[in-house]
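Asks:
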């Protein structure tokens with residue numbers, strides 16, 4: 002009997018957070034404070050609740066590698082810091098190439114759970130992984146429903162069938178056909194690593210994960226897992242302020258029930 006692949010987590014944190022300057026001029030977005038913790042602390046706490054994770058790899062750029070290593074030492078964390086050696090927004094590898102780097106160098110034999118560190122959600126990562134592993138021959142994307150079609154224009158939009166399979170993906174469409182959007186949270190079984198190689202070799206963008214999903218959905222089964230609870234896409238000062246307020250209220254309620 003062949004053993005099933007292990008599970009590694011890849012945290013994507015190589016962006017420069019330019020839309021949040023000056024807050025992120027000298028520190029990564031993932032290390033911005035949120036309540037008593039940082040954004041990264043909250044994400045890692047959620048990852049630590051996922052069973053049977055063999056390793057967690059955070060891939061970042063060269064200027065932010067040192068702040069992340071300081072965070073790791075302060076927290077005595079087992080998270081591995083992988084420096085992609087890029088130094089400016091203009092020379093960044095992009096999310097897909099950073100995922101490829103982490104997967105091939107550190108977790109080549111594993112399935113991977115990919116988590117964007119500028120996406121915060123209160124849904125259980127362990128439950129998302131459980132549902133994804135039930136269909137682990139196919140990729141899985143976490144999705145949710147936004148309030149309006151106008152909101153959906155900013156994201157990848159997924160059309161699903163009654164079985165939850167994504168039958169069509171539109172990346173930031175001008176006229177979204179529905180309000181179901183994909184989050185930067187993916188479960189990729191090990192064979193998808195080869196598909197990333199093919200996609201990039203064919204000239205696919207190494208930057209936007211949604212463009213890879215658009216390519217993949219047209220060729221292979223990809224399923225959606227609907228998420229509930231709070232979610233923040235921290236790409237602007239407004240979104241960060243909303244997350245701060247939510248966590249402040251969350252911690253206050255927690256203290257009241259302690």
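Numbering (the numbering used here), first residue to last: 2 to 259.
Note that the Cβ used here is the ideal one computed from N, Cα and C, for glycine as well.
Given the structure is predicted, the values throughout are model-derived calculations rather than measurements.
1. With distances taken Cα to Cα, identify the nearest neighbour of residue 96 among 220, 186, 226 and 242.
2. Return the chain-ordered list of same chain residues with a C-beta closer than 8 Å to the C-beta of residue 196, the five sequence neighbours on each side being excluded.
3. Please report the straight-line C-alpha distance between residue 194 and residue 134, rounded to a whole angstrom.
4. Which term fits residue 118, buried or exposed, when burial requires 16 or more other beta carbons within 10 angstroms of its beta carbon?
5. Looking only at its chain, what residues have a beta carbon closer than 6 Å to the beta carbon of residue 171, apart from the 5 residues adjacent to it on each side?
6. In angstroms, rounded to a whole number, what distance separates the CA positions of residue 107 and residue 66?
7. Which partner residues does residue 193 have in the DSSP bridge list?
8. Starting from the C-beta of residue 156, find all residues in its chain whose C-beta is less than 6 Å away, skip the five residues before and the five after it, and write them out in chain order.
9. Assuming residue 88 is part of the beta strand (DSSP E), what are its boundary residues?
10. Is DSSP giving residue 47 helix, strand or coil here?
11. Using a Cβ-Cβ cut-off of 7 Å (strictly less than) and excluding sequence neighbours within five positions of residue 52, which residues of its own chain qualify?
12. Relative to the alpha-carbon of residue 33, which residue among 250, 237 and 251 has its alpha-carbon at the smallest distance?
Replies: Put simply:
1. 186
2. 217, 220 and 221
3. 16 Å
4. buried
5. 158
6. 17 Å
7. None; residue 193 has no bridge partner.
8. 182
9. Note, residue 88: premise wrong, no beta strand (DSSP E); not H, not E.
10. helix
11. 127
12. 237
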